[in-house]
Every structure is written in structure tokens, then in C-alpha cells.
Amino acid sequence: EFTEKINIAFKKLRGLATINEKNINEPLRDLKRVLLEADVNYKVVKSLMEQVQKKSLGQEVIRSITPGQQVIKIFYDELKKILGNSTSEFIMRPNNPMTVMIVGLQGSGKTTLCVKLSHYARKKGRKPSIIAADPYRPAAAKQLEIMGKATNIPVFSRITEDLILSTKENIEDAKKSGYDIIIMDTAGRLHIDEEMMDELVELKQEVVPDEILLVTDGMTGQDAVKTAVEFQKKLDFTGIVITKLDGDAKGGAALSMSAVTGKPIKFIGIGEKLGDIEVFHPDRFASRILG
Amino acid sequence: LGKKRKIDEEILENIEQILIEGDIGFSASMSIIENIKEKFRVNKECDSDNLFLFLKEEILKMLENSESFQEEKLGKKPWIILVVGVNGTGKTTTIGKLAYCYKNSDKDVLVAAADTYRAAAVEQLDIWRKRANVDLIGTQQGADPAAVVYDSVKAALSRNVDVLIIDTAGRMHTKVNLMEELKKVKRVIAKIIPDAPHEVLLILDANMGQNAINQAKEFLKATKVTGIVLTKLDGTAKGGVIIPIKLELGLPVKYIGIGEDISDLEIFEPKRFVEALFS
Ligand SMILES: Nc1nc2c(ncn2[C@@H]2O[C@H](COP(=O)(O)OP(=O)(O)OP(=O)(O)O)[C@@H](O)[C@H]2O)c(=O)[nH]1
Ligand SMILES: Nc1nc2c(ncn2[C@@H]2O[C@H](COP(=O)(O)OP(=O)(O)OP(=O)(O)O)[C@@H](O)[C@H]2O)c(=O)[nH]1
Ligand SMILES: [Mg+2]
Ligand SMILES: [Mg+2]
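Given below as C-alpha cells:
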């Protein structure tokens, strides 16, 4: 359940009767390599390994385990810190209509998530509806309409020249029709596209969503943190969703996004079908990164 | 930078950071740094400009084109291009851009909407092909993609087009049944035109990390990929993972996507890519 490299590093450590800066150098380098190959952010890995080295060399002797085993424990503890300690719930208040804004880079899986999240809410007894707010991507509204019809989830897709106004009107219509979870699908955009980021800021100011979820592709590499920090600056989003984890991507970058912004990962996407969404579990993720 | 200083641990760490943050990956970064240590004796003084020049040259050498992936441009008619890749990388959009490109060089282009799985995939390609002013062979969602591909190759022959570009559904390289579906599509094409498809383009997103290497390996195995299109380079991601892909698999980048408009496609230029890596 761990990669060969992790097993070798742990074996080297377990075999150490005493530890010093020299003999833990190589196994710690192996651990650094595993994390980087899992796309964990460079700076996150660097500071994590520095902590592990510092605490390992400064450790007090515990009688029941060898110093080398203690290094392994320290490594796990530091890794757990960046994974977050608890499952952060996506809370759906029962009596108040709740709006959720879905944002992120192009192709990350936002539109698909809107449908999956609606289905999740419905299974929990809520009445979800989706608002189409992407007027740019060819056939974006059509994509939602088709998926909405196939899954019996209402889609409000009338978009006019004034995106902000028509979105607000769609939300009002959804609320009037008794829907209590209203999920807004926005267009994919670059965090460095000022105009497009301003559009989101304006949308947030006008709609005042209860949740803003940053949707990120599980295969993302080192640039993930940059994206997250920029979205945090402009929108102060409330949660992260990591998609496409049904492949063999480790997802270390998405994890780093959470570690650096302090924002919780709420869901993961594990496929293209309606039910392919799961609540995020940090401990399962640890074995994914190291496995 | 630009003054004489020692090649010390700090400068090597700076280089390691640039390479890894550019998604070049641990192995390739380490071997580049080993080459630096060999060429510049550590703790000797050196002009850091020279160091970075050497670094860029090293990477440029890695990206130089290998003979095995050279193919003649539009050597056959119809020239058939199969477009593949995992979900959301920019396949459909890239096809719109490619069709536009060929159309503008006075070629007769046909596109095939063989993504019969995803909602509005055909509608999306239909809008792009209208912008490019080319014809489309498509069908309903849920049809057999192999049937669409068959029809499109037959149509390409009977209409005597120069280029046929085939869009496929995004798929995880780890899903055996979906990769088998892709192999079947390839067989269907070859049954009608034995040496087709003439190009198989793997679309990779510049934001991707090390998983892109696995994708390249699997798609190469299943469909003999001939080139990569690296999309979304208009973002801040460097796309450095194409370096280990080139080193391990010999697979070259043919084009880059630099935006969401129909003209946002460029021929890959290794020198510009390496400059951008260090900017
Ligand atoms: N395998 C897999 N595919 C997914 C997952 N989530 C989304 N996809 C696929 O990824 C592709 C892109 O999904 P979309 O929902 O269109 O992404 P988007 O973020 O709305 O894209 P833009 O609106 O263009 O920015 C589609 O092929 C989806 O079916 C997932 O968890 N696993
Ligand atoms: N910024 C930017 N966005 C791009 C680029 N290429 C594609 N996109 C966007 O990425 C998103 C996904 O593009 P698609 O063409 O639907 O990707 P796909 O691979 O066909 O997706 P699936 O068929 O669902 O697997 C869309 O929002 C595109 O506009 C690019 O070069 N730059
Ligand atoms: Mg979308
Ligand atoms: Mg597509």
C-alpha cells in the first residue's frame, strides 16, 4: 500500500540504532522525492522535511521505539498537519435557501460538479437547482440542460448580455420555485485574467453566496498553489473540490492548495457519473500520496 | 544574477526550485543538476549568466527533435488526425483551432465529432467548426464512436478532403475499457486506410503535474501517439513535464494552445519554451 520508495526509506530508518544528520540524510531525501513526485508543492515539501529533520535530531528518546522509528512517526505527524485533521463538512442548512458558487480554471470539472453536487444534496433531502452562468464556452448552457434533463435536476439557463443581472434573476426564480440549494456554474478562467476575476468578484458581491467552491483538477502540478492563492485573494472561497481522482494522479498539488490557503477540501470527484462524488477524508488521502 | 559568484549549495537549490516548480519533476531536475556539477566545479567562481546559459542549452538539447517522430506534413490525402487525451485538457477546442489553421492555408477540412459520450460534446464541436468554416460529421449522444469514425473516414474519401480531424471523448488512461474503445477506433480507421491515422495528437494541459508522464505512456501504447499539443500555456503553469516525457518516450510537442480563441494555436518552438521556463 506504499510505494517501493517509501518502503525502502522506512526500512533504512527503522534499521537505525542512533540517528544523526548524516545517516538520516538519504532516507529523508527519498521521502522528499516521493512527495515531489506526488506533485506536493515544492515549498510545502521543503518546509515539511526541514521540520522532520529538526524534530528528528532534537527528539527526546522514547523507550518503546527505536530513534529511526521515531523519525517515521515524526514524518507522519508532519504530513497529517498539512492534510488537515478532520473531514470538513459541506453544511446544508435545512430551512434557508443556500447558494453555492462554483469557480476554477478551464476544464477542471465545474459543470459536472454542479450536477453531482445537486444529486448529493437531493439524496440528503434538499431541493437543488442549477444556474448556468457561463456565457462564453460553446454549448456550456446546453451541456447543463442535457445533464439536468437526464438527472431530473432543474437548470435555469437564461443568460442575457448582462450576466450579473440575469444570474440574479435566475436565482430569484429558483428561490420563488422553492429550490433551497442553488448551485451556480461559472465559466472556467485564468487566475491572472483580471477582467474575468473581476467578473467573479462582482458576481460574489451581488449574489452573496453561502459557499464558494474552488474546483481543481486532481492531476494539477506545482502551479496549483499560485492559482489557489490568487482565487483566495480575490474571492476568499470557502472550500476546495478535487476532481478526476479516479485516475492515478496522486493529487499532492490540490492538497497543497488546502495546506497553503487553510481552506478545507470538501469533496473529491471520482468519475464522470452522477454519483461520482465523495466527501473528502484526509487519512485516505495520506495513503494515496504515499501509495 | 549576472555577476561572478560561487556555484554553491544556495544557487543549486535555486535552480532545483525553478526546475521542480516548472513541473520538470524530480528525476529530470536531479540529472540536470548533476550535469551542472560536472561542468562547473562546485565552489569555484563562475559567471552566473554562463550558468543559466548552460542550463538553457542543456534543456534545449533534451527537446531537440528525434528522427523517429518526424513525419511529412500532409503527405497523404485525406490526412487523418486523431485527437486523444484525458478529460478537460482542450481536445475539442484545439480541433477548432487546427481546423481553422488548415482552412486558412486553403485546405479542405472535415471534422468528426466522435465524442458520443459527454453532454453537448457534438454541439460544442459544431460551434467551433462553424467558426472555422468547415464541415462536420456527427451523430447523437450515445452512438457508437467507432461508427462515427467509420462514417467520417468514408466521407473524407468520397468528398476528397485534404484533412480529417477526429475528436474523441476524454478518458482516464487507467480505464482499460475506454482505452480499448480507442484502440478499436484506430483499427476502424486502418481498415479503410491502412497507414491511417497519420497523426495522433495527445492533448496535455500545461497545468498538469507528473501524472502527464503516465498519460503519455498509456496513450502511446494504445494509439501510437505521434505528437503532443500543450494547451493553456497562457496561464502561469510552465508545462515542464514535457521534458521528462521527451527524455523517456521521445514524444515531441507539436503545437501549443495559448488561449480560448480560434487563433490561439502556435507551432511549438523549443527556444521560446525554455526562455519562458526561466522567466
Ligand atoms: N474521470 C473524470 N472526469 C471528470 C471528473 N469531473 C469532470 N470530469 C470530466 O472532465 C471534463 C471537463 O468537465 P467539465 O465539467 O466540462 O469542466 P468545466 O470546469 O466545467 O470546464 P469549463 O467550463 O470549460 O471550464 C468532462 O469530460 C467531464 O466529464 C471526474 O471526477 N473524473
Ligand atoms: N486558457 C485556455 N483555455 C483553454 C485552452 N484550450 C482549451 N481551453 C479551455 O479548456 C476548457 C476545456 O476545453 P475542451 O476543448 O472542452 O476540452 P476537452 O479535452 O475536449 O474536454 P472533454 O471532451 O470533456 O474531455 C474550455 O473551457 C476551453 O475553452 C488554452 O489553450 N488556453
Ligand atoms: Mg463548464
Ligand atoms: Mg471534448
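So the sequence lines, in the order shown, correspond to chains A and B. Under my numbering, the first residue of the first sequence carries the number 1, and numbering increases by one thereafter. Under my numbering, the first residue of the second sequence carries the number 1001, and numbering increases by one thereafter. Note that beta-carbon positions come from the ideal geometry of N, C-alpha and C, so glycine has one too. Only a predicted model underlies this, so the values are computations on that prediction, with no experimental measurement involved.
Own chain residues within Cβ distance below 6 Å of residue i, not counting five before or after
i         : result
A:Val260  : Val225
B:Trp1079 : Val1163 and His1198
B:Leu1335 : The structure shown does not extend to residue 1335 of chain B, since chain B spans only 1001 to 1279, so no value can be given for it.
A:Asp210  : Met98 and Thr99
B:Ile1059 : Val1274
A:Pro302  : Nothing about residue 302 of chain A can be reported from this structure: the residues present for chain A run from 1 to 291 only.
A:Pro282  : Leu83 and Gly84
B:Leu1074 : none
B:Leu1082 : Ile1166, Pro1197 and Val1200
A:His119  : Leu274
Contact set for residue i: own chain, Cβ-Cβ below 8 Å, skip 5 residues either direction
i         : result
A:Gln69   : Leu13 and Arg14
A:Thr18   : Pro67
A:Thr3    : Val34, Leu290 and Gly291
B:Ile1018 : Leu1277 and Phe1278
Residues near residue i in its chain [Cβ-Cβ closer than 7 Å; skip 5 each side]
i         : result
A:Ile164  : Glu202, Leu203 and Glu206
A:Ser108  : Gly188, Val215, Thr216, Asp217 and Thr243
A:Ile171  : Thr99, Ile131, Ile182 and Val207
A:Val45   : Lys32, Leu35 and Leu36
B:Ile1258 : Leu1233, Asp1234, Asp1264 and Glu1266
A:Gly300  : The question about residue 300 of chain A has no answer, for chain A in this structure spans 1 to 291.
A:Glu21   : Leu57
A:Ser166  : Arg158, Ile159 and Thr160
B:Tyr1255 : Val1229, Leu1265, Glu1266, Ile1267 and Phe1268
A:Phe75   : Leu31 and Val52
A:Leu28   : Met49, Val52 and Gln53
Heavy atom of ligand 5 within 7 Å of residue i beta-carbon
i        : result
A:Arg126 : In the structure shown, ligand 5 is absent; the only ligands present are ligand 1, ligand 2, ligand 3 and ligand 4.
Segments assigned beta strand (DSSP E), at least 3 residues, entirely inside the segment 169-242 of chain A: 181-186 and 211-217
Check distances from the C-beta atoms of the segment 260-283 of chain A to those of chain B and list, in chain order, the residues that come in under 9 Å. Gly271 and Glu272
Meets three-Cβ-pair contact criterion under 8 Å: the segment 1088-1107 of chain B and the segment 1225-1235 of chain B: Yes: the two stretches touch, three or more of their Cβ pairs being nearer than 8 Å.
Give me every residue whose Cβ sits closer than 5 Å to any heavy atom of ligand 4, in chain order. B:Lys1091 and B:Thr1092
For the segment 1115-1145 of chain B, list every residue whose C-beta sits within 9 Å of some C-beta in chain A, in sequence order.
Tyr1117, Arg1118, Ala1119, Ala1120, Ala1121, Val1122, Glu1123, Gln1124, Leu1125, Asp1126, Ile1127, Trp1128, Arg1131 and Gln1141
query = Where in the segment 1025-1082 of chain B do unbroken runs of the alpha helix (DSSP H), each at least 4 residues long, occur, reported from the N-terminal end onward?
reply = 1026-1039 and 1048-1063
Assess contact between the segment 180-187 of chain A and the segment 94-111 of chain A, defined as three or more Cβ pairs (one per stretch) separated by less than 8 Å. Is contact present? yes
Of all the residues that make up the segment 1201-1224 of chain B, which are near chain A by a beta-carbon distance shorter than 9 Å? Against chain A - using a Cβ distance shorter than 9 Å - the residues of the segment 1201-1224 of chain B are Asp1205, Ala1206, Asn1207, Met1208, Gly1209, Gln1210, Asn1211, Ala1212, Asn1214 and Gln1215.
Measuring CB atoms only, is the segment 218-235 of chain A touching the segment 79-93 of chain A, in the sense that at least three cross pairs come out at less than 8 Å? These segments do not touch.
Please identify, using Cβ separations under 8 Å, the residues of the segment 1006-1039 of chain B that lie next to chain A, in order along the chain.
Gln1017, Ile1020, Glu1021, Gly1022, Asp1023, Gly1025 and Phe1026
query = Would the segment 141-158 of chain A and the segment 115-133 of chain A be scored as touching if the rule is three or more Cβ pairs under 8 Å?
reply = yes
Please determine if the segment 1204-1220 of chain B and the segment 1118-1130 of chain B are in contact, where contact requires at least 3 C-beta pairs separated by less than 8 Å. no
Quiz prompt | Cβ pair count under 8 Å reaching 3, the segment 27-47 of chain A against the segment 1025-1032 of chain B | solution = yes
Exercise. Name, going along the chain, the residues of the segment 102-135 of chain A whose beta-carbon falls closer than 8 Å to a beta-carbon of chain B.
Key: Taking 8 Å as the upper bound on Cβ-Cβ separation, chain B lies near residues Leu105, Gln106, Gly107, Ser108 and Gly109 of the segment 102-135 of chain A.
Point to revise | Entirely enclosed alpha helix (DSSP H) segments - the segment 1182-1257 of chain B, minimum 4 residues | key: 1211-1223 and 1242-1249
query: Name the residues in the segment 168-201 of chain A whose C-beta lies less than 8 Å from a C-beta of chain B; which are they?
result: Leu190, His191 and Ile192: these are the residues of the segment 168-201 of chain A whose beta carbon lies less than 8 Å from some beta carbon of chain B, given in chain order.
**OP:** Taking 8 Å as the threshold, find out whether the segment 1094-1112 of chain B comes into contact with the segment 1184-1191 of chain B through three or more Cβ pairs.
**Re:** no
- Query: Between the segment 1131-1148 of chain B and the segment 1114-1121 of chain B, do at least 3 Cβ pairs fall closer than 8 Å?
  - Reply: yes
Q) Where are the alpha helix (DSSP H) runs, 4 residues long or more, that stay fully inside the segment 1127-1162 of chain B, in chain order? A) 1145-1158
- the segment 36-68 of chain A: which residues have C-beta closer than 7 Å to a C-beta of chain B, in chain order? Leu36, Glu37, Asp39 and Tyr42
(message) Which complete beta strand (DSSP E) runs does the segment 83-166 of chain A hold, if anything under 3 residues is left out?
(response) 98-104 and 128-133
- Query: Does the segment 243-258 of chain A touch the segment 1234-1246 of chain B, meaning 3 or more C-beta pairs lie closer than 8 Å?
  - Reply: Touching, no.
Notebook entry, point to check: Relative to chain A, which residues along the segment 1087-1101 of chain B have a C-beta separation below 9 Å, given in chain order?
Noted result: From the segment 1087-1101 of chain B, only Asn1087, Gly1088, Thr1089, Gly1090, Thr1092, Thr1093 and Gly1096 have a Cβ closer than 9 Å to chain A.
Notebook entry, point to check: Counting Cβ pairs, one atom from each stretch, are 3 or more of them under 8 Å apart for the segment 228-238 of chain A and the segment 191-199 of chain A?
Noted result: yes
Between the segment 241-252 of chain A and chain B, which residues of the former have CB atoms less than 7 Å from a CB of the latter, in chain order?
Lys244, Asp246, Gly247, Asp248 and Ala249
What are the residues of the segment 25-36 of chain A that lie near chain B, defined by any Cβ-Cβ distance shorter than 7 Å? Arg33 and Leu36
* To do: Could you run through the segment 1226-1237 of chain B and flag, in chain order, every residue whose CB is less than 8 Å away from some CB of chain A?
  => Residues of the segment 1226-1237 of chain B with a C-beta less than 8 Å from any C-beta of chain A: Lys1232, Asp1234, Gly1235, Thr1236 and Ala1237, listed in chain order.
* To do: Pull out every residue of the segment 138-160 of chain A whose Cβ sits closer than 7 Å to any Cβ of chain B, in chain order.
  => For the segment 138-160 of chain A, the beta-carbon criterion of a distance under 7 Å to any beta-carbon of chain B is satisfied by Pro138, Ala139, Lys142, Gln143, Ile146 and Met147.
> the segment 1173-1201 of chain B: which residues have C-beta closer than 9 Å to a C-beta of chain A, in chain order?
Replying inline: His1173, Thr1174 and Lys1175
ask   = Which runs of the beta strand (DSSP E) spanning at least 3 residues fall entirely within the segment 1095-1119 of chain B, listed in chain order?
value = The DSSP assignment places complete beta strand (DSSP E) segments of no fewer than 3 residues inside the segment 1095-1119 of chain B at 1109-1113, in order along the chain.
- prompt: Listed in chain order, which residues of the segment 1237-1254 of chain B have Cβ atoms closer than 7 Å to some Cβ of chain A?
  reply: Flagged, chain order: Ala1237 and Val1241.
**Asked** Name the residues in the segment 221-232 of chain A whose C-beta lies less than 7 Å from a C-beta of chain B; which are they?
**Response** Gly221, Gln222, Asp223 and Lys226
Exercise. Along the chain, which unbroken stretches of the alpha helix (DSSP H) at least 4 residues long are found entirely within the segment 243-284 of chain A?
Worked result: Residue ranges of uninterrupted alpha helix (DSSP H) with 4 or more members, entirely inside the segment 243-284 of chain A and ordered along the chain, are 252-261.
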